[in-house]
Amino acid sequence: MNPQLIYNIYTTYFVPLCALLPIFYGIKNYKSLSPPFKILLYFIVIGSLINMVNLIMISRHMHTVKLFTLYTIVEFSFITLMFSRIFNERLRPALYILIGVFSIICILNTVYIQNKIELNTYTRPIGALIIVLYCMSYIIKTGTEERKWTEDSFNWVNAGLLIYYASGVVMFMFNNYFLTLSTWSLMIWAIIDTILLIEYILFAIGFYKCKLPTTTTPLS
Amino acid sequence: MQITNNDNTAVLIILAMLGVFLAVGTFIIYSIRNQNKLLRQRQEFQKAQLAHQKELLKATIESQENERKRIGQDLHDDVGTTISGLRLLIEMFKPAHPDDDNLKEFTQTSKSIIDKIVKDVRNISHNLSPTTLRYYGLPAAITEHCTIINQSGKLSITFDNQAEAELQALHITVATALYRVLEELLNNTIKHSGANRATIGIKKLENNIVINYNDNGKGITISHDIFKKGMGMQNIESRLLNIDAIYSIQPYNGQGFGIEITYPLHLNPVTAAPNG
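As they're listed, the protein sequences go chains A and B.
The opening residue of the first sequence carries number 1 in our numbering; numbering runs sequentially from there.
The opening residue of the second sequence carries number 1 in our numbering; numbering runs sequentially from there.
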């Protein structure tokens, strides 16, 4: 079988379709979902729709780089909103302001700085680093809790986010180097897709665990 | 093959991505292990605390039993003997006017009162330290206790024992605990339930002694939580906890009170001393 075809099936169909796995468990256990999980479910659904539009536009040979700005804003906003429900309530206004500021920076970056056929390699790594910061805070705060790690359904989601955004931050910085279809860039895209697949699986486990009598305690 | 700058950058990025992936993975695994270790340590600490509390409970119950035994024996040997002596003295007394009716009546009344005191002292002594349990084992002690209650007319008890050998082989600590629990249950039935019948069924099921206690009284009309906080029930619970027995109270269905006690026989101390 042609390796290029395998690559195309893997990155264009298989990995994006794996998003259905957490969506399935999220919808199945919707009644048991806490607010952070509901926000995560909406994010996966909206993110998948943007990805679908992206793939359709690529198939019609249209430029999709502007879509990445929209995705970056959506991604950061939803994940920050989700953590605002996890962290102390007093932090919420600050996080809402952060969403606003980040969105404005993303738009300004797209309009005035990276305004050609470039990916938003300045703003996306910043967003990823802030998300990594959220994840690390959650681990530090819950690290001394007296219960099994696997019992907290949000631990799975947090691990998925941490692995994806920490591993991807370097790639997000150098995205523009790999817009050409060289072997190396294909390999990098395949690696990040595989990490995305791991993230989806961890999300699915998190949603699956929501129906069990476990809770995610808000951090105070 | 010519290696370009772009290729170099790509290799570095792949290495960086994989490096970060490994570092994050290791960090997550480390935090999982750390959290699980903390949890295990906490559980071990709680286990040790529970064991310590159990030791304290055991010591309290043992000292209570020893004290009861001492008081029971003192009552029986000293007070009982003295009162019997007093009765004998009255019997032997030779009055100046033996035909005096008042004196006869006084003597008769005194002897009746003394007889009642002797009987009461014997009962109290028996309750404090059931000698039957020590010398003849648990089945005999339960039978004797049931007979006393049956004779009093307060309650009609049916005792169905299908585990004679196993009960005889119980260690005195276990036998005493089960005896005290049954005593407490019967006491509760007489005092609070308004029942006129009770049944005690003991059988061996797999490797357990299973005791079923039922009465036909009004049952538990208060919540189980409040019921469990009562002194009698706490006493039962602590005695059962001390010998690692478990119990379950039948849910209230308007037909009396029922409890099932299970004692795992493999926990019976090897140095079985049914006869004290």
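No residue lacks a Cβ here, since even glycine has one placed at the ideal position from N, Cα and C.
Check: Are the CB atoms of I188(A) and F178(A) nearer to each other than 8 Å?; Outcome: yes
Check: Run through DSSP, which three-state label would F43(A) get?; Outcome: helix
Check: Which of helix, strand or coil does DSSP assign to T158(B)?; Outcome: strand
Check: From V121(B), Y135(B), R33(B) and L39(B), pick the residue whose C-alpha is nearest to that of G72(B); which is it?; Outcome: V121(B)
Check: State yes or no: is the beta carbon of Y208(A) nearer than 8 Å to at least one beta carbon in chain B?; Outcome: no
Check: List, from N- to C-terminal side, the alpha helix (DSSP H) runs of 4 residues or more that fit wholly inside the stretch 89–150 of chain A.; Outcome: 92–108 and 123–142
Check: Among residues of its own chain, excluding the 5 on either side of N155(A), which ones have a beta-carbon nearer than 6 Å to its beta-carbon?; Outcome: W149
Check: List, from N- to C-terminal side, the alpha helix (DSSP H) runs of 4 residues or more that fit wholly inside the stretch 49–129 of chain B.; Outcome: 80–92 and 101–128
Check: For S63(B), does the count of other Cβ atoms within 10 angstroms reach 16, so buried, or fall short, so exposed?; Outcome: exposed
Check: For L55(A), which residues from the same chain have a beta carbon less than 8 Å from its beta carbon, with the 5 sequence-adjacent residues on both sides left out?; Outcome: T12 and P16
Check: How is the alpha helix (DSSP H) around I86(A) delimited, first residue to last?; Outcome: V65 to I86
Check: Can you find a C-beta in chain A that's less than 8 Å from the C-beta of A16(B)?; Outcome: yes
Check: Give every residue of the same chain whose Cβ lies closer than 7 Å to the Cβ of T107(B), excluding the five residues on either side of it in the sequence, and list them in chain order.; Outcome: I90
Check: Under three-state DSSP, which class holds M59(A)?; Outcome: The sequence given here places Ser at residue 59(A); Met does not occur at that position. DSSP places S59(A) in helix when its eight states are reduced to three.
Check: Compare the C-beta of N127(B) against all C-beta atoms of chain A and say whether one is closer than 8 Å.; Outcome: no
Check: Starting from I209(B), follow the alpha helix (DSSP H) in both directions and report where the run begins and ends.; Outcome: Run containing I209(B): none in the alpha helix (DSSP H); it sits in the beta strand (DSSP E), N208 to D215.
Check: Using the three-state DSSP reduction, which class does S182(A) fall into: helix, strand or coil?; Outcome: coil
Check: Thinking just about the alpha-carbon of each residue, which of S182(A), G168(A) and A204(A) is nearest to the one in T194(A)?; Outcome: G168(A)
Check: Assuming contact is defined by CB atoms lying nearer than 8 Å, are I124(B) and L57(B) in contact in what I supplied?; Outcome: no
Check: Listed in chain order, which residues of the stretch 40–63 of chain B have Cβ atoms closer than 8 Å to some Cβ of chain A?; Outcome: R42
Check: Would you say G127(A) lies against chain B (beta-carbon separation less than 8 Å)?; Outcome: no
Check: Whose C-alpha, out of K116(B), L103(B), S156(B) and L178(B), is nearest the C-alpha of P130(B)?; Outcome: L178(B)
Check: Report the option in V181(B), Q250(B), N161(B) and I172(B) whose CA atom is closest to the CA atom of Y135(B).; Outcome: I172(B)
Check: Does the Cβ of N88(A) have 16 or more other Cβ atoms within 10 Å, making it buried, or fewer, making it exposed?; Outcome: exposed
Check: Excluding the 5 residues flanking S48(A) on each side, which residues of the same chain have their C-beta closer than 6 Å to its C-beta?; Outcome: A19
Check: Tell whether a beta-carbon distance below 8 Å holds between K203(B) and A163(B).; Outcome: yes
Check: Near L241(B), which residues of its chain fall below 8 Å by C-beta distance, leaving aside the five closest residues on each side in sequence?; Outcome: K54 and L57
Check: Going by the DSSP bridge assignment, what does T262(B) pair with across the sheet?; Outcome: V210(B) and I246(B)
Check: Rounded to whole angstroms, what is the Cα-Cα separation between L167(B) and P139(B)?; Outcome: 7 Å
Check: Under three-state DSSP, which class holds G254(B)?; Outcome: coil
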